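Visitor: There's a structure below that I have some questions on.
In our numbering, the protein residues as written are 4 to 57.
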């Protein structure tokens with residue numbers, strides 16, 4: 004593993020017709036994702052570690 008590597012989450016938003024002019028999402032999904040990320044950001048502390056021992 005690289006010494007410069009760091010854990011990063013992959014949080015997706017369900018959508019239809021990705022990479023087309025008519026790509027669409029459900030606004031309720033967007034609201035739920037915003038709430039999820041806001042809650043997580045509000046709870047994480049500087050001393051928290053998300054490192055994985057391999």
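By construction, the Cβ of each residue, glycine as well, lies at the ideal position given by its N, Cα and C atoms.
None of these values were measured; they are calculated from a predicted model.
By DSSP's criteria, residue 46 is part of a beta bridge. Which residues make up the other side?
Guide: Locating residue 46 in the chain shown gives position 43, counting from the first residue. DSSP output for residue 46 lists no bridge partner at all.
Visitor: Between residue 113 and residue 56, what straight-line distance do the alpha-carbon atoms span, to the nearest angstrom?
Guide: Residue coverage of the chain in this structure runs from 4 to 57, which leaves residue 113 outside it and unanswerable.
Visitor: According to DSSP, simplified to helix, strand and coil, what is residue 35?
Guide: On the chain shown, position 32 is the one that residue 35 refers to. Looking at residue 35 - three-state DSSP - the assignment turns out to be helix.
Visitor: Looking at residue 39: is its Cβ nearer than 8 Å to the Cβ of residue 28?
Guide: On the chain shown, position 36 is the one that residue 39 refers to. On the chain shown, position 25 is the one that residue 28 refers to. No, the Cβ-Cβ distance between residue 39 and residue 28 is not below 8 Å.
Visitor: Between which residues of its own chain and residue 36 is the CB-CB distance below 8 Å, once the five residues before and five after are set aside?
Guide: Translated into the one-based positions of the chain shown, residue 36 becomes position 33. Result list for residue 36: 14, 16, in chain order.
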